[in-house]
Amino acid sequence: MPWKDRYTVSDEISLRDHQLHWPDGERMGALITVALSVASGPEGITATDLQSSAGRFGMGEGLDLLMQALARHGLRATVAVPAVVAEMMPERIREIAAAGHEIAALGLRHEDTSAMPRQEEASRIARATEILTRIVGKRPNGWYALSRQKDRYAGGATSPNTHDLLREAEYGWLGNGMADDIPYYTVTDVASRRSFLTLPYYYHLDDQYFSLFPVAGTGLENSDMLARNWKAELDAQYRRGRCFSMVLHPQHSGWCNRLELLERFLAHMTSRPGIWFATGSEIAAHWQQHFPAATHLKLEPSIWQDYEGSLS
Amino acid sequence: MRDALQNEVSDLVAAYRDDQSTFQRIGPISWPDANRIAVNFTADFDAMLLRRLNDEPAEQLAKGEFGGRVGIWRLIELFDSHAMKATFFVPGRICELYPRAVQACAASGHEVADHMWEHRVPSDPILERDHLAKSTNALAALTGKRPVGTRSWHTAEALTEQGYLYRSHGSDAHGPTWSHDAHGRNRLVELPFHYAIDDAMFFSFAWYKSATSEQRLSDPDRVMDMWWAAFEQQYRAGGYLNICLHPFVSGRAMRIAALDRLITRMKELPGVWLTSCEAVARHVADTCPPSATKPGP
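Written out as structure tokens, the structure is:
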């Protein structure tokens, strides 16, 4: 087996708390991602999704209310936009960008590319990039492959080619990595140390998993749990001086009492001194400057062996 | 008809008696130094191995990888900061993925015990023994000490052949029990853990191939309240509690902080023995030896 293929994607030990630092002597970094997608399953946004109440609310009133709430707290988000959504509401996306939020890509239609042939995935990345660049007037630098409520797994879905294709398409980072709670490098070729910067994501900080979730089955409204998870993780990472990364969907967090819970949490965050609220690309730039792969990606040689009767 | 019904009853009674002949409950245990309760904090360090075994996709593996890159180090620091000993159940193959972390567990004086060679037990008895030997030897080579405990589905025969003393894999009673075969052989101390005191039941999406419609998610405050209630009940009863953690789950900062509060709160009470599974198993073996077992039918 070459290196630790299909076991690990990065080096063996994360950066320790004391090794980290943030711009202007701030204590920690915080990333707020707004996923502007009403996709319910792995196929990505469908006509049915768009014509549902959740779709109408998420792309209409819910989006307005969520962006207003962020503005009230003076916070900028990184808005993950499926390219088709930008085609549907180009003016709204330009407004969001003009308000200081970063526009990142969330697929062509927020589709699961994990089993897609390389060429098809490359075409979809190219088309999404072209659409977002044309509408926003600026190339997106970040890409997300977030999960949807009906996905089999939480945490997003990438193919074995995704990271390399994004690098080739001159993206700077991928927004959903679960191997750490700070940015890290996903290694795609060990021999050449080829890697791609990945920002942290965790499903316990993603509103869709606490908003009448699971959609089918035992789904319960657990917005109180979500709020406690946000606060517990923020406070713990604050003490460590690491990073906090949350994902919001307008159709979930934009809704009445959930929006109030969110605002209470935003007030808690902004009341703490020393939090660097940054966009995905600002965090990525800080990482590339101060913790570049050339010096901070420490790949141990593989000592993995093959044995008869064991996993290879 | 009456004979058929009688057979139905007899079969079940026989099944019950067969099972009863394989274990012994242990009466109230007097813990050392007049402690009221023994508490084992245990961590199953399988990282991404189980998800790899189930052939799950890349992000699932990365979720497990968090345990090796981040979580394991935080658990070691947490236990060390409380000057307590814990038990890490480690699949042998983790020695080839995270050797430094496994060595760090041992260097801090924590127990490193077996968690199956690669998180499975082959049904073929020869391959089962091969896997157990590989895991035992890998852990012994890396830590300098042969494991005496396991959290696994390994058979008692295979375990006792290789000198194992205890197994922590079930919840037959609140406290330790003895297990053995119908002839009173292949004895092991069983240290129960309950799924209600297992972090993966509250925080691990798609646990054991569970479907999206079956997911259970929670938050640290809620889970710590339940675990504290379990601890208090056993504290009053003078019993035992085994807390099952996973570095990829409990290693998240919010849960380390919650566990820190839980341990701090436990330590405020007198008579709480925070120790390794090995220490509990040896105490049980020394002070509560199994009574003579009648040969099975």
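Chains as they are written, first to last, in our numbering: chain A, 23 to 334; chain B, 4 to 300. Quick reminder that beta carbons are idealized off the backbone N, C-alpha and C, glycines included.
Out of Q27/B, N57/B, D47/B and S33/B, which has the shortest C-alpha to C-alpha gap to C247/B? Reading the second sequence from its first residue, position 244 is the one you call residue 247/B. Comparing Cα-Cα distances from C247/B to each of Q27/B, N57/B, D47/B and S33/B, the minimum goes to D47/B.
Kindly identify the DSSP beta-bridge partner or partners of R216/A. Sequence index remark: in the first sequence, residue 216/A carries index 194 (1-based). Per DSSP, D211/A.
Interface residues of chain A around Q218/B at Cβ under 7 Å? As a working note, residue 218/B is residue 215 in the second sequence. In chain order: P236.
Cutoff 6 Å; reference H95/A; Cβ partners in own chain excluding five residues on either side: On the first sequence, residue 95/A is found 73 positions in, with the first residue counted as 1. Once the five neighbours on either side are set aside, the close Cβ partners of H95/A are L288 and T292.
Tell me, please, whether the CB atom of V212/A is closer than 7 Å to any CB atom in chain B? Stepping through the first sequence from its first residue, residue 212/A is reached at position 190. No, V212/A does not count as interfacial toward chain B.
Indicate whether at least one CB of chain B lies closer than 7 Å to the CB of M268/A. Residue mapping note: residue 268/A aligns to position 246 of the first sequence, counting from 1. No, no contact with chain B.
Could you tell me if H271/A is buried or exposed, where buried requires 16 or more neighbouring beta carbons within 10 angstroms of its beta carbon? As a first step, residue 271/A must be located in the first sequence, where it is residue number 249. H271/A should be labelled buried.
Proximity of I67/A and V103/A at Cβ, strictly below 7 Å: For the purposes of this step, residue 67/A is taken as the residue at position 45 of the first sequence. For the purposes of this step, residue 103/A is taken as the residue at position 81 of the first sequence. No, Cβ-Cβ distance for I67/A and V103/A is not below 7 Å.
Could you have a look at D134/A and say whether DSSP puts it in helix, strand or coil? Taking the first sequence and counting its residues from 1, the one referred to as residue 134/A is at position 112. Correct three-state label for D134/A: coil.
Going along the region 303-320 of chain A in order, which residues come within less than 8 Å of chain B, judged by CB to CB distance? none
Would you report the Cα separation of D134/A and L221/A, rounded to the nearest angstrom? Along the first sequence, read from residue 1 onward, the residue named residue 134/A stands at position 112. Along the first sequence, read from residue 1 onward, the residue named residue 221/A stands at position 199. Those two C-alpha atoms are separated by around 19 Å.
Buried or exposed: E255/A, going by 16 or more other Cβ atoms within 10 Å of its Cβ? Taking the first residue of the first sequence as 1, we reach residue 255/A at position 233. Looking at its Cβ environment, which holds 16 or more other Cβ atoms inside 10 Å, E255/A is buried.
Decide if P31/B is buried, meaning its Cβ has at least 16 other Cβ atoms within 10 Å, or exposed. Walking along the second sequence from the start, residue 31/B turns up at place 28. With fewer than 16 Cβ atoms within 10 Å of its Cβ, P31/B is classed as exposed.
CB-CB length for G67/B against F251/B, believed under 8 Å: Position 64 of the second sequence, counted from the start, is the residue given in the question as residue 67/B. Position 248 of the second sequence, counted from the start, is the residue given in the question as residue 251/B. Contact holds; Cβ gap of about 5 Å.
On the DSSP bridge list, what partners appear for R170/B? Counting from one through the second sequence, the residue named residue 170/B turns up at place 167. R170/B is bridged to T153/B and E193/B.
Okay, do the region 180-196 of chain B and the region 207-218 of chain B touch, 3+ Cβ pairs below 8 Å being the bar? no
Neighbour list for T332/A in chain B, Cβ cutoff strictly below 8 Å: The sequence position of residue 332/A within the first sequence is 310, counting from 1. For clarity, residue 332/A is Ser in the given sequence; the question names Thr instead. Going along chain B in sequence order, the residues near S332/A (Cβ under 8 Å) are R96, W120, E121, H134 and K137.
Per DSSP, which residues does W276/B bridge with? Please list them. On the second sequence, position 273 is the one that residue 276/B refers to. Bridge partners of W276/B: A41/B.
Interface residues of chain A facing I259/B [CB-CB closer than 8 Å]: For the purposes of this step, residue 259/B is taken as the residue at position 256 of the second sequence. Per Cβ cutoff of 8 Å: A258.
With distances taken Cα to Cα, identify the nearest neighbour of E142/A among G129/A, E109/A and L58/A. In the first sequence, residue 142/A corresponds to position 120, counting from 1. When only C-alpha atoms are compared, the closest one is G129/A.
Any beta-carbon of chain A closer than 7 Å to the one on T267/B? As a first step, residue 267/B is located in the second sequence; it is residue number 264 there, counting from the start. False, the Cβ-Cβ gap to chain A never drops below 7 Å.
Is P162/A buried or exposed, if buried means 16 or more other CB atoms sit within 10 Å of its CB? Here residue 162/A is taken as the residue at index 140 of the first sequence, counted from 1. Buried, because 16 or more other Cβ atoms sit within 10 Å of the Cβ of P162/A.
Go to D186/A, then tell me how far its alpha helix (DSSP H) extends in each direction, as first and last residue. Position 164 of the first sequence holds residue 186/A. Per DSSP, D186/A belongs to the alpha helix (DSSP H) from T184 to E190.
For the alpha helix (DSSP H) containing C108/B, list its first residue and its last residue. If you number the second sequence from 1, residue 108/B lands on position 105. That run of the alpha helix (DSSP H) goes P102 to A110.
Check distances from the C-beta atoms of the region 140-165 of chain B to those of chain A and list, in chain order, the residues that come in under 8 Å. none
Using three-state DSSP, classify S74/A as helix, strand or coil. On the first sequence, position 52 is the one that residue 74/A refers to. Looking at S74/A - three-state DSSP - the assignment turns out to be coil, as it is neither helix nor strand.
Secondary structure, beta strand (DSSP E): runs of 3+ residues fully inside the region 194-272 of chain A: 195-199, 206-211, 216-222 and 265-270
Against chain B, with Cβ distances strictly below 7 Å, would N183/A count as a contact? Walking along the first sequence from the start, residue 183/A turns up at place 161. It does not: the Cβ of N183/A has no partner Cβ on chain B nearer than 7 Å.
For T163/B, the three-state DSSP class (helix, strand or coil): Position 160 of the second sequence, counted from the first residue, corresponds to residue 163/B. DSSP places T163/B in helix when its eight states are reduced to three.
Between the region 45-52 of chain A and the region 294-305 of chain A, are three or more C-beta pairs nearer than 8 Å? yes
Buried or exposed: W165/A, going by 16 or more other Cβ atoms within 10 Å of its Cβ? Along the first sequence, one-based indexing puts residue 165/A at 143. Counting Cβ neighbours within 10 Å, W165/A comes out buried, since at least 16 surround it.
If we ignore side chains and look at the alpha-carbon of each, how far apart do L154/A and H123/A end up? Counting from one through the first sequence, the residue named residue 154/A turns up at place 132. Counting from one through the first sequence, the residue named residue 123/A turns up at place 101. Cα to Cα, L154/A sits roughly 14 Å from H123/A.
For V226/B, count neighbouring Cβ atoms within 10 angstroms of its own Cβ and tell me buried if that reaches 16, exposed if not. In the second sequence, residue 226/B corresponds to position 223, counting from 1. Buried, since its Cβ has 16 or more Cβ neighbours within 10 Å.
Considering only the beta carbon of each residue, do S138/B and W120/B sit closer than 7 Å? The residue labelled residue 138/B in the question sits at position 135 within the second sequence. The residue labelled residue 120/B in the question sits at position 117 within the second sequence. Their beta carbons are under 7 Å apart, which means S138/B touches W120/B by this criterion.
Any beta-carbon of chain B closer than 7 Å to the one on D39/A? On the first sequence, position 17 is the one that residue 39/A refers to. Output row for D39/A: interface = no.
E249/B: buried (16+ other C-beta within 10 angstroms of its C-beta) or exposed? In the second sequence, the residue the question calls residue 249/B occupies position 246. A small correction: the amino acid at residue 249/B is His; Glu does not occupy that position in the sequence shown. Counting Cβ neighbours within 10 Å, H249/B comes out buried, since at least 16 surround it.
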